[in-house]
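These protein sequences, in sequence, are chains A and B.
Taking the UniProt record's numbering, the leading residue of the first sequence gets 1, the next gets one more, and so forth.
Taking the UniProt record's numbering, the leading residue of the second sequence gets 1, the next gets one more, and so forth.
Following: one structure in structure tokens, then a few remarks.
Protein chains: 2
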Amino acid sequence: MTSEQAIDRTSVTAAARRARTAAEALAPLPRSVKDAALQVIADALVAATEAIVAANAEDVRRAREAGTAESVIDRLTLDAGRIAGIASDIRDVADLPDPVGEVVRGSTLPNGLELRQIRVPLGVVGIVYEARPNVTVDAAALCLKSGNAVLLRGSSSAAASNRALVEVMRGALAEAGLPEDAVQLLSSESRESVKELMRARGLVDVLIPRGGASLIRAVVEESTVPVIETGVGNCHVYVDAEADLAMAVDILVNSKAQRPSVCNAAETVLVHEAVAADFLPMALAALAEAGVTVHGDEATQRIAARAVGEGALREGVVVPAVAEDWDTEYLSYDIAAAVVPSLDAAVAHIRRHSSGHTEAIVTRSLRRSRRFVQAVDSTAVMVNASTRFTDGGQFGFGAEIGISTQKLHARGPMGLPELTSTKYVVTGDGHVRGGGGVTSC
Amino acid sequence: MTSEQAIDRTSVTAAARRARTAAEALAPLPRSVKDAALQVIADALVAATEAIVAANAEDVRRAREAGTAESVIDRLTLDAGRIAGIASDIRDVADLPDPVGEVVRGSTLPNGLELRQIRVPLGVVGIVYEARPNVTVDAAALCLKSGNAVLLRGSSSAAASNRALVEVMRGALAEAGLPEDAVQLLSSESRESVKELMRARGLVDVLIPRGGASLIRAVVEESTVPVIETGVGNCHVYVDAEADLAMAVDILVNSKAQRPSVCNAAETVLVHEAVAADFLPMALAALAEAGVTVHGDEATQRIAARAVGEGALREGVVVPAVAEDWDTEYLSYDIAAAVVPSLDAAVAHIRRHSSGHTEAIVTRSLRRSRRFVQAVDSTAVMVNASTRFTDGGQFGFGAEIGISTQKLHARGPMGLPELTSTKYVVTGDGHVRGGGGVTSC
Numbered sequence: 001m002t003s004e005q006a007i008d009r010t011s012v013t014a015a016a017r018r019a020r021t022a023a024e025a026l027a028p029l030p031r032s033v034k035d036a037a038l039q040v041i042a043d044a045l046v047a048a049t050e051a052i053v054a055a056n057a058e059d060v061r062r063a064r065e066a067g068t069a070e071s072v073i074d075r076l077t078l079d080a081g082r083i084a085g086i087a088s089d090i091r092d093v094a095d096l097p098d099p100v101g102e103v104v105r106g107s108t109l110p111n112g113l114e115l116r117q118i119r120v121p122l123g124v125v126g127i128v129y130e131a132r133p134n135v136t137v138d139a140a141a142l143c144l145k146s147g148n149a150v151l152l153r154g155s156s157s158a159a160a161s162n163r164a165l166v167e168v169m170r171g172a173l174a175e176a177g178l179p180e181d182a183v184q185l186l187s188s189e190s191r192e193s194v195k196e197l198m199r200a201r202g203l204v205d206v207l208i209p210r211g212g213a214s215l216i217r218a219v220v221e222e223s224t225v226p227v228i229e230t231g232v233g234n235c236h237v238y239v240d241a242e243a244d245l246a247m248a249v250d251i252l253v254n255s256k257a258q259r260p261s262v263c264n265a266a267e268t269v270l271v272h273e274a275v276a277a278d279f280l281p282m283a284l285a286a287l288a289e290a291g292v293t294v295h296g297d298e299a300t301q302r303i304a305a306r307a308v309g310e311g312a313l314r315e316g317v318v319v320p321a322v323a324e325d326w327d328t329e330y331l332s333y334d335i336a337a338a339v340v341p342s343l344d345a346a347v348a349h350i351r352r353h354s355s356g357h358t359e360a361i362v363t364r365s366l367r368r369s370r371r372f373v374q375a376v377d378s379t380a381v382m383v384n385a386s387t388r389f390t391d392g393g394q395f396g397f398g399a400e401i402g403i404s405t406q407k408l409h410a411r412g413p414m415g416l417p418e419l420t421s422t423k424y425v426v427t428g429d430g431h432v433r434g435g436g437g438v439t440s441c
Numbered sequence: 001m002t003s004e005q006a007i008d009r010t011s012v013t014a015a016a017r018r019a020r021t022a023a024e025a026l027a028p029l030p031r032s033v034k035d036a037a038l039q040v041i042a043d044a045l046v047a048a049t050e051a052i053v054a055a056n057a058e059d060v061r062r063a064r065e066a067g068t069a070e071s072v073i074d075r076l077t078l079d080a081g082r083i084a085g086i087a088s089d090i091r092d093v094a095d096l097p098d099p100v101g102e103v104v105r106g107s108t109l110p111n112g113l114e115l116r117q118i119r120v121p122l123g124v125v126g127i128v129y130e131a132r133p134n135v136t137v138d139a140a141a142l143c144l145k146s147g148n149a150v151l152l153r154g155s156s157s158a159a160a161s162n163r164a165l166v167e168v169m170r171g172a173l174a175e176a177g178l179p180e181d182a183v184q185l186l187s188s189e190s191r192e193s194v195k196e197l198m199r200a201r202g203l204v205d206v207l208i209p210r211g212g213a214s215l216i217r218a219v220v221e222e223s224t225v226p227v228i229e230t231g232v233g234n235c236h237v238y239v240d241a242e243a244d245l246a247m248a249v250d251i252l253v254n255s256k257a258q259r260p261s262v263c264n265a266a267e268t269v270l271v272h273e274a275v276a277a278d279f280l281p282m283a284l285a286a287l288a289e290a291g292v293t294v295h296g297d298e299a300t301q302r303i304a305a306r307a308v309g310e311g312a313l314r315e316g317v318v319v320p321a322v323a324e325d326w327d328t329e330y331l332s333y334d335i336a337a338a339v340v341p342s343l344d345a346a347v348a349h350i351r352r353h354s355s356g357h358t359e360a361i362v363t364r365s366l367r368r369s370r371r372f373v374q375a376v377d378s379t380a381v382m383v384n385a386s387t388r389f390t391d392g393g394q395f396g397f398g399a400e401i402g403i404s405t406q407k408l409h410a411r412g413p414m415g416l417p418e419l420t421s422t423k424y425v426v427t428g429d430g431h432v433r434g435g436g437g438v439t440s441c
């Protein structure tokens, strides 16, 4: 280990220890105290607009010097309007119900013991994320509201912005009488801080990677801290033999093109062969209109060629699909397309290639929709609706810390309850046990 | 890799693939089919009593030759009565409600979309366990009822018994028209099968280690498959300044001695200094009566010596505690004892040494019980009740697959719902998205 790594390890471990102490102080706080602190943070961010914008300008300048694409620079940029928006999002979090203390279930046992299962904070949450500085504030607000301390490991490209935002938030926490160390920013200078975070088992209760597939894979495979896997979305739209074809075109175009850069955008369309000849010319024209390139299987290419020949489609909309296309999360104006012989073939394709995020069926048949819903084991299954609806805001959760694509703990958009655990509280009057029971240890 | 390892890896991976296929067949089964299969399994086990007892006799003979303690041999031994008991437990599982298909939450969104969050099976569950062959059947029954396929990796000491039990269960599954590969036994000949199971990410959905602390630690640290940590219990009883001392003696003796070999048995008693001189002589005498050796701190030793001098306690009940005692899960007729200056000191001791399983307070004070419950972050907190109540059967869950001591997914006794995940089903009528939303990817 180099001495730089040693320093880094110490600093992450030390930060995690401070976070644990802060978490112990946060856990018993009533909602009113946490909400008041969130309001102080929102006010402080607005008041510090000038300093935040100045720090952000550094990141933007570095990004521009590095030749970063303008779309990425746009996501990185903060101005007074965006800071006001971030502050407003914090106030929205303050308005959400506090999950901590909720009695999830309870009963009086036959022997008179009172059993309650109560939501408690997880403790210390680590978040590793890329790019956008607004995540720094969103994540901190959601963790604070749910009684958790947070260790933020953002992108080096937003380092100056993140430092400024965290400094303001920590100052506001102190002002509100809460421990500053409830929100800490880890160094983004090397991957070492991510590695140490992944090894902080016992100090960090959960690690949530948010970002590209390679980051998420690395964290999932290497972390000894429990991980919640988020957000890789190879989403499918299946157009059934009994689909309303006009509806299917709308849903497909919306699923793909309404915002192609996000995880709930569709990446493959599967079309039942019974409707392919009618549906695909309409769909391909609409996708072309939206600027989408289609990576088609042979059947799709054949139908496209005929449509081009008939003057119903311009050339170049469909390119030949290669094997990798079925597993690709384009996050761009591209979509793979295949004709399938049956609903079961569509399900089999999805089982093989999906990342388990969101799949949609378009059909008029209740029976066929039931079969699809039952057979597709993804986070969300849409029936006659766009894949784009898998979203904490759309689901009415008010906010989300990520979209889990794993099966344990949380699956789908994660709101405040997903940032909690539970404990059992059992109250008696001198109760002791006789024989029996199933204790399996 | 040796060729033996290569074969082993292939066989675990192949078993996991077969389990996945079986899991896909189990997932949509209605309760009636699963319950009928459980009844067929129960009948088949009873019918095969002779063969199972003969196989078990092999294991018992090997254990005896190896000089295994009689208490362990007793846990290993199967006879007609115990097999009838195992069959009866299966029928109890059949009587439990089916968690699959339960709508956990649901609403109609403002745009008319119908949102439902529905319980679904996890898929393939891996269980690594030691000793008792009844776990083989219990685990299989709980997994089957919750629609999961199971990979069982039992102890080599129960290999012949486990093979016999699994053979009978697989035959019964086939008879009931369900896939045999829903229940598979992995080789217990080497640790290699455990290692391969831990690396079967994507094929196995969750791994549940049940057994000693070293097995659990190894699985937690090395597995890339998500793990549910179970059952290490360094449990505490805190006797408060305002305790009913007679009640405290009963709860302490029950917590320690009613069944010392299990994870919810108490391993340390903390006594508030205001009551130590009154409480400890009574408690030490009662513990001595129950055959318990007390590893006492200096204050406890002093009070014990005085009691011995006064003829109120025989010698040898209290031995000096060493530093390791506070972190030891004895699982025997031993308990550590310390006098603490305050409730907060008790909480601090518990935070430092507890494994997060179960802690109890004995107090008459509502205010002090509230403070203890809030400050102690363990799976279960008992107020005026024995630690021994942390148990799926006692909690009314009907059965348990283990007691989770982690914070993610499940915490405390895990019944059937804890063997499920959820998925969102969203039904619309051609719904597409406009702008906005919080999708965080």
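No residue lacks a Cβ here, since even glycine has one placed at the ideal position from N, Cα and C.
Owing to the predicted nature of the structure, the values given are computational and were not obtained by experimental measurement.
Proximity test, Cβ basis, 8 Å: A:K423 and chain B: Answer yes: the Cβ-Cβ gap between A:K423 and chain B drops below 8 Å somewhere.
Span of the beta strand (DSSP E) around B:A337: Residues D334 to V340.
Rounded separation between A:A94 and A:A36 - CA only: Roughly 8 Å between the two C-alpha positions.
Partner residues on chain B for A:R388, Cβ-Cβ distance less than 7 Å: Those within 7 Å of A:R388 in chain B are R433.
Contacting positions in the stretch 137–151 of chain B - beta carbon closer than 7 Å to chain D: In the structure shown, chain D does not exist; the protein chains are A and B.
A:N56 at chain B interface by Cβ criterion, 8 Å: When Cβ-Cβ separations below 8 Å define contact, A:N56 makes no contact with chain B.
Cβ separation of B:H353 and B:N234, assumed to be a contact under 8 Å, to the nearest whole Å: Taking the Cβ atoms as the reference, B:H353 lies roughly 6 Å from B:N234, within the contact range of under 8 Å.
Backbone secondary structure at A:R314 - three-state DSSP: Here A:R314 sits in coil by DSSP.
Own chain partners of B:I7 with C-beta closer than 8 Å, once the 5 adjacent residues on each side are dropped: Low local confidence applies: a pLDDT of 43 at B:I7 is under 50, so the model's placement there is unreliable, with the coordinate-based value given in what follows. Within the same chain, and ignoring the five residues on either side of B:I7 in sequence, no residue has its Cβ closer than 8 Å to its Cβ.
Entirely enclosed alpha helix (DSSP H) segments - the stretch 42–75 of chain A, minimum 4 residues: Runs found: 49–65.
Cβ of A:S95 within 8 Å of any chain B Cβ: The sequence shown places Asp at residue 95 of chain A, not Ser. It does not; no Cβ of chain B falls within 8 Å.
Cα-Cα separation, B:R105 to B:S88: Here the alpha carbon of B:R105 sits roughly 34 Å from the alpha carbon of B:S88.
Residue-chain proximity (A:V120, chain B), Cβ-Cβ < 8 Å: For A:V120, the nearest CB of chain B lies under 8 Å from its own CB, placing it at the interface with that chain.
Selection from A:E329, A:A23 and A:E167 that minimises the alpha carbon distance to A:S214: Of the candidates A:E329, A:A23 and A:E167, the one whose C-alpha sits nearest the C-alpha of A:S214 is A:E329.
Any chain A beta carbon closer than 8 Å to B:K256: It does not: the Cβ of B:K256 has no partner Cβ on chain A nearer than 8 Å.
Close-in-space but distant-in-sequence residues of the same chain around B:A15 (CB under 7 Å, 5 per side omitted): The beta carbon of B:A15 lies closer than 7 Å to those of L151, Q184 and L186 in the same chain, with the five residues before and after it left out.
For A:I228, the three-state DSSP class (helix, strand or coil): A:I228 falls in the coil class under three-state DSSP.
Neighbour flag for A:G430 against chain B, beta carbons, 8 Å: Chain B contact via Cβ: present.
The stretch 424–438 of chain B / the stretch 367–387 of chain B touching (three or more Cβ pairs under 8 Å): With the cut-off at 8 Å, the stretch 424–438 of chain B and the stretch 367–387 of chain B do not touch.
Beta-carbon proximity of B:P260 to B:S332, cut-off 8 Å: Yes, Cβ-Cβ distance for B:P260 and B:S332 is below 8 Å.
Partners in chain B for A:F395, counting only beta-carbon separations shorter than 7 Å: Within 7 Å of the CB of A:F395, the CB atoms of chain B belong to L115, in sequence order along the chain.
Buried versus exposed call for A:L61 [16 or more other C-beta atoms within 10 Å across all chains shown]: Correcting the residue type first, residue 61 of chain A is Arg in the shown sequence and not Leu. By the neighbour-count rule (16 or more Cβ atoms within 10 Å), A:R61 is not buried but exposed.
Cross-strand partners of B:Y129 (DSSP beta bridge): Bridge pairing for B:Y129: B:R210 [DSSP].
Distance, A:G126 Cα to A:W326 Cα: When rounded, the distance between both Cα atoms is 32 Å.
Unbroken beta strand (DSSP E) run spanning B:K407, endpoints: Counting along the chain, B:K407 falls outside any beta strand (DSSP E), and DSSP gives it neither H nor E.
Interface residues of chain B facing residue 452 of chain A [CB-CB closer than 7 Å]: The structure shown has nothing for residue 452 of chain A, since chain A only spans 1 to 441.
Interface flag, B:I90 vs chain A, CB-CB below 8 Å: At a cut-off of 8 Å, the C-beta of B:I90 has no neighbouring C-beta in chain A.
Per-residue contacts from A:P28 into chain B (C-beta, under 8 Å): Here the neighbours are Q374 and A375.
Three-state secondary structure (DSSP) of A:C263: For A:C263, the secondary structure class from DSSP, reduced to helix, strand or coil, is coil.
Euclidean distance between Cα positions of A:L122 and B:G81: Cα to Cα, A:L122 sits roughly 44 Å from B:G81.
B:D344 - containing alpha helix (DSSP H), residue span: Boundaries of the alpha helix (DSSP H) harbouring B:D344: L343 to H353, taken from the DSSP string.
Where B:E4 falls, given that 16 or more other Cβ within 10 Å makes a residue buried: Confidence in B:E4 is poor, its pLDDT being 41 and thus under 50, which makes the residue's placement too unreliable to answer from.
Collapsed DSSP secondary structure at B:D278 in the structure displayed: For B:D278, the three-state secondary structure derived from DSSP is helix.
Exposure label - A:A243; buried when at least 16 CB within 10 Å: By the 16-neighbour rule on beta-carbons within 10 angstroms, A:A243 is buried.
Proximal residues of chain A, C-beta to C-beta of B:V381 below 8 Å: Identification of chain A residues near B:V381 by a Cβ-Cβ cut-off of 8 Å yields K423, Y424, V425 and V426, ordered along the chain.
A:D429, DSSP secondary structure in three states: A:D429: strand per DSSP, three-state reduction.
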